[in-house]
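K.L.:
Number 485 marks the last residue of the sequence shown (my numbering); no jumps. Using N, Cα and C, we set each Cβ at its ideal position, and we do this for glycine too. Let me give you the structure first, and then I'll get to my questions.
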Amino acid sequence: MEAFLSRLSLDRTVRELLIGEGVLIDPIGAIVAIMAAEYVVGRSEIWEAGWLVLVRLGIGGLAGGVAGGVLIAILRRDWIPDPLRNPTILAALLLTASVASGLSSEAGLLAAVVQGVVMANAGLRDLGPLRQFKEELTVLLLSFIFILLAASLSLDAVRALGWQALLVAAVVAWVARPIAVLLCTIGSGLSMPQRLFVSWICPRGIVAAAVAGLFGILLNEAQIPGGDQLEALVFVTVAFTVTVQGLTAGIVARRLGVDLPILQGTIIVGADHLGKLLAHLLVARGRQVALIDRNPQHCASARVEGLPVYNGDALAIECLEEAGARYADTCLAATRNQELNTLIGQRVQSNFRVERILAVGRGPGVVPEVAPFPGAFPGLDETNHQLRAGQAHIVEYEVPSGNWVAHRLDELPYGAGEFALLLVRREQAYIASADQTVEVGDRLLCLSTRADPSALRSSLIVRRDIDTDHLGRISG
Numbered sequence: 010m011e012a013f014l015s016r017l018s019l020d021r022t023v024r025e026l027l028i029g030e031g032v033l034i035d036p037i038g039a040i041v042a043i044m045a046a047e048y049v050v051g052r053s054e055i056w057e058a059g060w061l062v063l064v065r066l067g068i069g070g071l072a073g074g075v076a077g078g079v080l081i082a083i084l085r086r087d088w089i090p091d092p093l094r095n096p097t098i099l100a101a102l103l104l105t106a107s108v109a110s111g112l113s114s115e116a117g118l119l120a121a122v123v124q125g126v127v128m129a130n131a132g133l134r135d136l137g138p139l140r141q142f143k144e145e146l147t148v149l150l151l152s153f154i155f156i157l158l159a160a161s162l163s164l165d166a167v168r169a170l171g172w173q174a175l176l177v178a179a180v181v182a183w184v185a186r187p188i189a190v191l192l193c194t195i196g197s198g199l200s201m202p203q204r205l206f207v208s209w210i211c212p213r214g215i216v217a218a219a220v221a222g223l224f225g226i227l228l229n230e231a232q233i234p235g236g237d238q239l240e241a242l243v244f245v246t247v248a249f250t251v252t253v254q255g256l257t258a259g260i261v262a263r264r265l266g267v268d269l270p271i272l273q274g275t276i277i278v279g280a281d282h283l284g285k286l287l288a289h290l291l292v293a294r295g296r297q298v299a300l301i302d303r304n305p306q307h308c309a310s311a312r313v314e315g316l317p318v319y320n321g322d323a324l325a326i327e328c329l330e331e332a333g334a335r336y337a338d339t340c341l342a343a344t345r346n347q348e349l350n351t352l353i354g355q356r357v358q359s360n361f362r363v364e365r366i367l368a369v370g371r372g373p374g375v376v377p378e379v380a381p382f383p384g385a386f387p388g389l390d391e392t393n394h395q396l397r398a399g400q401a402h403i404v405e406y407e408v409p410s411g412n413w414v415a416h417r418l419d420e421l422p423y424g425a426g427e428f429a430l431l432l433v434r435r436e437q438a439y440i441a442s443a444d445q446t447v448e449v450g451d452r453l454l455c456l457s458t459r460a461d462p463s464a465l466r467s468s469l470i471v472r473r474d475i476d477t478d479h480l481g482r483i484s485g
C-alpha cells in the first residue's frame, strides 16, 4: 500500500490511515479467513472458530509486543554491531513468528506485524539501512511468491467465471468497501471527501491471494466444490482493484480535494533554543511544524515543551519522510555545521517538493539572497547563548505605508544584534529570508540579542514586545 500511495500527494491523515489499514488488515484478515475456512470444512463450530480468532489475535499481538520491546532495549544499548543489525532483526522476526505460530496456528503473521509496529514507533535512530534492507527483501520475496501463486492458478477456472467475476469484484470495491468505510469512520473526525477517498482505495495483494490459495486447498481436501473458482475469483479481484484504482486514484483525489497541490508545513533541522523558539512562534500562528535533531537531549527538551520532534539524521530520506517533508513547503537547516546545512538543503531539494529551502551558512548550493534571518544575525552559537541566558527578546513590528514598502527584508535598518525571525502576512507566517519584500500591514517578528535601541522602532509600528524566557508560553 505504501508503494501504491507514494506517487500521490495525499492529505497526510488519509495517507497514514490507508498505510495503517494495509499493515493491519492482512494479518487480521488472514486469521479470520482461515478460521472461516476451518468452519466451512467442518473442523470447528462457529463459536469455537470465533473464540480461536480472538485467541490467535491475542497471542500474536502479545508475542509481537514483547519481542519488539526486547529488541528495542537491545538496540538502544548498542549490543549488536552495525553490520549485524539487519540480519539479527530478521532472525528475531522469524523467531517471533515461529514461536507465535507454535503457540497458536496462524498467529505468527500478526506477531511479526506487531513487532514491526512497536519498533517503528520506538524512536530508534538510524533505521534507514533497515528500511532499505526490508524493501529489497520485500521485492525479492514478493516476486517469488507471486510467481508461485500464479503458477498454481488455473486459467480455465478464470475463463469459466466469465464476466460475473468482474461484477463481483466491482461489488466488493464499490459497494461493500464504501459501506464498511462509511460505517467504521463515523465519529472519526474525517471529512466526507476523506472518507469517500478511503472508500475508493482498496487494492488487495499478496496476502489475499495466498490465503485464497490455502482456502482452495482446504476446500479441495474436504471434497467441497468451488475451491479453484474461489482462488480464481480472488485473483480477478486483486487484478481489478489494483488496475482500476491504481489508474484512477490521482484523478479521484483531485476531484475530492484530498491531494495537496498547496503544501503547508515547516521542517526545522536543529532543536536547540532558536529552533524551538521558531517552532513555538509558527505553531502559535497555525503552522504545522516538525523539528529534527540528532541530539537526544535537544529532542527530549522539545518534547517536554510539547513540540513535535524527531530524533534522527536529517540527511536520511526516511527521517525527512517521517517528519513530514512530503507535506512541507519550507525547510530550515539551522545546525551549527554550515556544510551540513548545505547538504540537508540539497537533499531536501532533490527528493521533495519543498518550495522554500533555507540554510544557515554559505557554501555551494546556498544562495546568499535567500539566507534566513536577515539583519544583524550574530550566528547560532551566540543566539542560543543569549536565549539560554534570557538576554534576548522579540519585538513585533507592523509595516505602515511609507518609505519601506516594497523593500527587501535585508534592506531594513535593523539595530545591533537584531534580525528578522518571521514575516506574517494575511495571517500566514513565514520564516524570514533576505529575498522577501515587505507590504503594508505585514508584521515582522525580530529577535534582538542586545538592549540597544533599534532604528526599526522609528521606521515601523511597534506592536508588542515578547519575553522569550518561557518559550512554551509564546502565543499569537
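#1: Would you identify the three-state DSSP class for Q437, choosing helix, strand or coil?
#2: Mind pulling the beta strand (DSSP E) runs of 3 or more residues that sit fully within the stretch 341-405?
#3: With 16 other CB atoms within 10 Å as the buried threshold, where does V375 fall?
#4: Helix, strand or coil: how does DSSP classify S457 here?
#5: For the alpha helix (DSSP H) holding A280, just list the boundary residues, first then last.
#6: In this structure, how does DSSP classify A182 when only helix, strand and coil are distinguished?
#7: Does the beta-carbon distance from I276 to A337 come in below 7 Å?
#8: In this structure, how does DSSP classify N130 when only helix, strand and coil are distinguished?
#9: Under a Cβ-count criterion, where at least 16 other Cβ atoms within 10 Å of its own Cβ denotes burial, should T351 be classed as buried or exposed?
#10: May I ask you to report which of helix, strand or coil DSSP gives L33?
#11: I'd like the list of long-range same chain contacts for F428, defined as Cβ closer than 7 Å, with 5 residues on each side in sequence excluded.
#12: Rounded to the nearest angstrom, what separates V127 and G78 at their Cα positions?
#13: With which residues is L432 paired in a DSSP beta bridge?
#14: Since V449 and S410 should fall inside the 8 Å C-beta cutoff, what is the C-beta to C-beta distance between them, to a whole number of angstroms?
#15: Checking 7 Å against the spacing of the C-beta atoms, do A46 and L158 come in under that value?
#16: Within the same chain, show all residues whose beta-carbon is closer than 6 Å to that of E327, passing over the 5 residues directly before and after it, in chain order.
#17: Check whether the Cβ atoms of V50 and Q203 lie closer than 7 Å to each other.
#18: I need the boundaries of the alpha helix (DSSP H) containing D322, first residue and last residue.
#19: Could you please give the first and the last residue of the uninterrupted beta strand (DSSP E) stretch that includes L300?
P.N.:
Considering the structure as presented:
#1: strand
#2: 365-368
#3: With a pLDDT of 44 at V375, under the threshold of 50, the modelled position of that residue is not reliable, and the figure given next carries that caveat. Burial call: buried.
#4: strand
#5: That residue, A280, is in no alpha helix (DSSP H); it is neither H nor E in DSSP.
#6: helix
#7: yes
#8: coil
#9: buried
#10: helix
#11: By the criterion of a C-beta distance shorter than 7 Å, F428 is surrounded in its chain by F382, P383, G384, A385, F386, C455 and L456, once the five residues flanking it on both sides are discounted.
#12: 7 Å
#13: Beta bridge pairing from DSSP links L432 with Y439 and L453.
#14: Their Cβ separation, rounded to whole angstroms, is 5 Å, which keeps V449 and S410 in contact under 8 Å.
#15: no
#16: Once the five neighbours on either side are set aside, the close Cβ partners of E327 are G137 and R140.
#17: no
#18: Careful: D322 lies outside any alpha helix (DSSP H) and carries neither H nor E.
#19: V298 to D302
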